[in-house]
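The opening residue of the sequence shown carries number 2 in my numbering; numbering runs sequentially from there. Note that beta-carbon positions come from the ideal geometry of N, C-alpha and C, so glycine has one too.
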Amino acid sequence: MKKIVIIGASGHGKVAADIALKCGYTDIVFLDDNISIKNCGRHSVVGSNDRVEDINGDVIVAIGNSAARRRIQESIEEERLAVLIHPDAVVAEDVTIGSGTVVMAGTVINPGSMIGRGCIINTCASVDHDCKLGDYVHVAVGAHLAGSVEVGDETWIGAGATVSNNIEICGRCMIGAGAVVVKDIEEAATYLGVPARQKQETGFKDQL
Numbered sequence: 002m003k004k005i006v007i008i009g010a011s012g013h014g015k016v017a018a019d020i021a022l023k024c025g026y027t028d029i030v031f032l033d034d035n036i037s038i039k040n041c042g043r044h045s046v047v048g049s050n051d052r053v054e055d056i057n058g059d060v061i062v063a064i065g066n067s068a069a070r071r072r073i074q075e076s077i078e079e080e081r082l083a084v085l086i087h088p089d090a091v092v093a094e095d096v097t098i099g100s101g102t103v104v105m106a107g108t109v110i111n112p113g114s115m116i117g118r119g120c121i122i123n124t125c126a127s128v129d130h131d132c133k134l135g136d137y138v139h140v141a142v143g144a145h146l147a148g149s150v151e152v153g154d155e156t157w158i159g160a161g162a163t164v165s166n167n168i169e170i171c172g173r174c175m176i177g178a179g180a181v182v183v184k185d186i187e188e189a190a191t192y193l194g195v196p197a198r199q200k201q202e203t204g205f206k207d208q209l
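Below, the structure written as structure tokens:
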């Protein structure tokens, strides 16, 4: 029996569980620090995150927040961390993918690309040739990176965003949904619009 422990009983966790099933895992359990959650889809939540050391099996951290995903993943033994790639993803043979990364249905990752640890390449996203993604990057649903793009650690590329070729984006950025990045981004901040520009502070606590 092939077992996996998924940390994070959320919508993202449900998708990770479905991919795990398609990758041959037959025993799937969840952990979550919200003790009121008893199930995630048809799978049981068997305890809080700190129980991971007590349960045998591979592990995936299915938490969208990049900093939280890093914190939890880096507390887990490296050899236990899975890589989940949906069978309907198209991944070139020479692509390297770091531990703890999830690649979802309909994605395309083209030759020469390098994907870091704990990344999320979400549904129908594309990463073209020779891209380099750091650790804990999230390329959201339907986002597209053209060739030779570099993305720093913990950056979020929002749903439907587009990054032009040969662009470098530093770590810990938020690229808003539908934004179009046409020049390098060197400062960690939120970027919105077409073309993408740094969001100006308004004094209010906004969220994308």
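Proximity below 7 Å, CB of V60 to CB of R81: yes
What are the residues that DSSP puts in a beta bridge with S127? V109 and H145
Looking at the strands, I want to know which residues DSSP matches up with R198. L193
Considering only DSSP beta bridges, list what I29 is partnered with. I5
Could you tell me the distance, in whole angstroms, from the CA atom of Q201 to the CA atom of T191? 9 Å
In the DSSP assignment, what are the bridge partners of H139? I121 and W157
Just to confirm, are T102 and V84 a CB contact at a threshold of 7 Å? yes
Can you check DSSP and say which residues form a bridge with T97? M115
Ordered along the chain, which non-local residues of its own chain (more than five positions away) have a Cβ less than 8 Å from that of D136? R71, G99, G117, R118, G119, C120, D154 and E155
Could you give the distance in angstroms between the alpha-carbon of I73 and the alpha-carbon of A180? 29 Å
Specify the secondary structure class of S49 as computed by DSSP and reduced to three states. coil
Check the DSSP bridge columns for V16 and list the partner residues they point to. According to DSSP, which records beta bridges pairwise, V16 is partnered with nothing at all.
Pick helix, strand or coil for K133, following the three-state DSSP scheme. strand
Look up T168 in the DSSP assignment and say whether it is helix, strand or coil. Per the sequence shown, the amino acid found at residue 168 is Ile instead of Thr. Residue state, collapsed to three classes: coil.
Is DSSP giving D34 helix, strand or coil here? coil
If you compare alpha carbons, which of A160, H145, T163 and V150 is closest to C171? V150
To the nearest angstrom, how far is the alpha carbon of A189 from that of A68? 14 Å
Excluding sequence positions up to five away, which residues of its chain have a Cβ less than 8 Å from the Cβ of Y26? K3, K4, I5 and D59
Would you decide whether T97 is buried or exposed? Buried here means 16 or more other CB atoms lie within 10 Å of its CB. exposed
Residues bridged to T163 by DSSP? H145 and V181
CA-CA distance, A162 and A126? 10 Å
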